[in-house]
Amino acid sequence: MLVNELEFDTIAAIATPFGIGSIGVIRISGSKAFDIINKISSVNIKEANKIYHSWIIDQNKNYIDEVIILPFKAPKSYTGEDVIEINCHGGVNNIKNILDLVFQFGARYAKRGEFTKRAFFNKKLDLTQVESVLDIIESNTSSFARKSVSNLRGKLAIEVKNIKSELIDLLSKIVASIDFPEDVCEVDYNEIECVLENVVSKIDKILSFASESNILRQGIKVTLLGTVNVGKSSLFNKLLNIQRAIVTNIPGTTRDIINENIVINGLNINISDTAGLRDIKCVNEVEKIGISLTHEEVQNADLILFVCDLASPILDDEIELYQKIKDKPHIIVFSKLDLILDKDIDSLLKKKLVYFENEDKENYILISSKTEKNIDKLKDLIFTKTAYSFNSNKEIEYITNVRQQNCFYEAKKSIQLAIEGVRKKILQDLITIDIKGAILKLEEITGESINEDILSNIFENFCIGK
Ligand SMILES: Nc1nc2c(ncn2[C@@H]2O[C@H](COP(=O)(O)OP(=O)(O)OP(=O)(O)O)[C@@H](O)[C@H]2O)c(=O)[nH]1
Ligand SMILES: [Mg+2]
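Using my numbering, you'd call the opening residue of the sequence shown number 13 and step up by one each time.
Following this line, the structure appears as structure tokens:
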């Protein structure tokens, strides 16, 4: 399989988004890249790392576009092959005209992630770097993009290699003593345990940033919940700063779940507005469906904003609903503050809080979507609440994804088995089996040993042209 993968043909694709823009970049990679460009360029392209100003010309000597051409020679390119980048004028049809010519002269359309796949097979990038490329492209927040760059620079891969080389050194010592018992004495069990413990603590350090990594990558799911007409959609619109959801004084306005993303202090928050909950007997079929969707949405929420109208008397439905969600992470949002006279706020709040088991100050807030009072404070509260395991001041040293984390957990499991063996002083030959198991799992992280299904899975997430 690997051999076939290495017999690459020449591929091409647009590397910039397909649409209207001042510049579009077409990338060609493979052994025919220079041949192809020289068949369609007004200037002869031969030297690498030079910038050529040229025209693209078709077989009938028609001028197609004025371009800048950047040639790279293997192995000094992104893919490790000969690469030509054509900077042309943006615009779907112009790019298509040039790409058609490139295809006519022998390139084929690149598949998803194929350029990066070639970079991986040509050892220009290891698998952690490949995954960081995807993270950088797809990051929802600038903080995640910035953090992902550390892995593109090889931060995770270098640490994995360090850990692996400690295990390989240990393994070689043990194997040498087994193979040449007369010449090499048996490795001291204490020494083996010491190396293995050290490896576990290094893996633990990487894994200690796992939940922060996951939060940075996926963001947090926040759901607005409450009875009808309490002001959920009004608050949703204020948090987004756009009129996204319909707001009326008719109870049961919202039916479908509406999802949008906002960024608070560098954290990606996926916020959803839901149908207000009320007695299902009083509502029509459409609202019934909306209500059942709300229940599902609450199950998946990382944080619930329980909206309660401060200006209206508390409802039985509200008390019942609160009992259902009180053990999940939540904030009680008392809405419509502008409708209450300042002098009445404290006593009203006191009365309402009784129904909410007199929750602590940090679990509730009073807001007005109309005057925007405390909307920014609510955003801060959402951040501190959702960031219970995420401290933006904590320097996240290692960014990992779930695949990498699973490999680390598996590697750690094998080493712990080896440590148990060491403590029982079992034959050192048997201990090597678990050490080898851990090494294989570490190699899976960097892609030195990996199965084809996992690889395909990773590259299928890429876009065409990357
Ligand atoms: N004065 C005042 N009125 C508000 C405020 N927030 C919402 N309202 C009004 O309350 C009514 C209901 O608001 P919505 O935001 O649609 O309430 P909802 O909870 O989404 O309602 P459903 O979708 O029916 O469940 C509308 O008439 C809003 O203008 C507020 O902060 N102050
Ligand atoms: Mg609504």
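Note that CB positions come from ideal geometry on N, CA and C, so glycine has one too. Bear in mind the structure is a predicted one, so any value in this text is a computation, not a measurement.
Assigned secondary structure, S26 (DSSP; H/G/I helix, E/B strand, else coil): Correcting the residue identity first, residue 26 is Ile in this sequence and not Ser. Of the three classes helix, strand and coil, the one that applies to I26 here is strand, per DSSP.
E78, DSSP secondary structure in three states: strand
Whole-Å CB distance - D138 paired with T458, under 8 Å assumed: 4 Å
Presumed contact (8 Å Cβ cut-off) between N413 and E224, rounded CB distance: Actually they do not touch by this definition, with Cβ atoms about 13 Å apart.
The segment 305 to 317 / the segment 346 to 356 touching (three or more Cβ pairs under 8 Å): no
Pairwise C-alpha distance: D70 and L111: 11 Å
Where G243 falls, given that 16 or more other Cβ within 10 Å makes a residue buried: buried
Pairwise C-alpha distance: K167 and Y5: In the structure as shown, the chain starts at 13 and stops at 478, and residue 5 therefore has no counterpart that could be examined.
Neighbourhood of Y75 by C-beta, 7 Å cutoff - its chain only, sequence neighbours within 5 removed: W67 and I69
Same chain, Cβ closer than 6 Å to I270, neighbours up to 5 away in sequence not counted: A257 and D285
Beta-ladder partner(s) of D321, from DSSP: S347
S3 CB to nearest heavy atom of ligand 2 below 7 Å: A question about residue 3 goes unanswered here, because the residues of the chain that appear run from 13 up to 478.
CA-to-CA distance, K478 to E203, given in whole angstroms: 47 Å
Candidates T22, P29 and F20, of which the one nearest C475 by Cα: P29
Beta-bridge pairing of R435 - partner residues as DSSP gives them: DSSP lists no partner for R435.
Beta-carbon contacts of S89 that lie in its chain and below 7 Å, excluding the five residues immediately before and after: V95
8 Å contact criterion, which T10 and Q428 should meet: CB distance rounded: An answer regarding residue 10 cannot be provided, because it is not within the stretch 13 to 478 covered by the chain.
Assumed close pair S54, I81 - CB separation to whole angstroms, cut-off 8 Å: Not confirmed; about 10 Å, so no contact.
Span of the alpha helix (DSSP H), counted from its first residue to its last, around R256: Unbroken run through R256: none, as it is neither H nor E.
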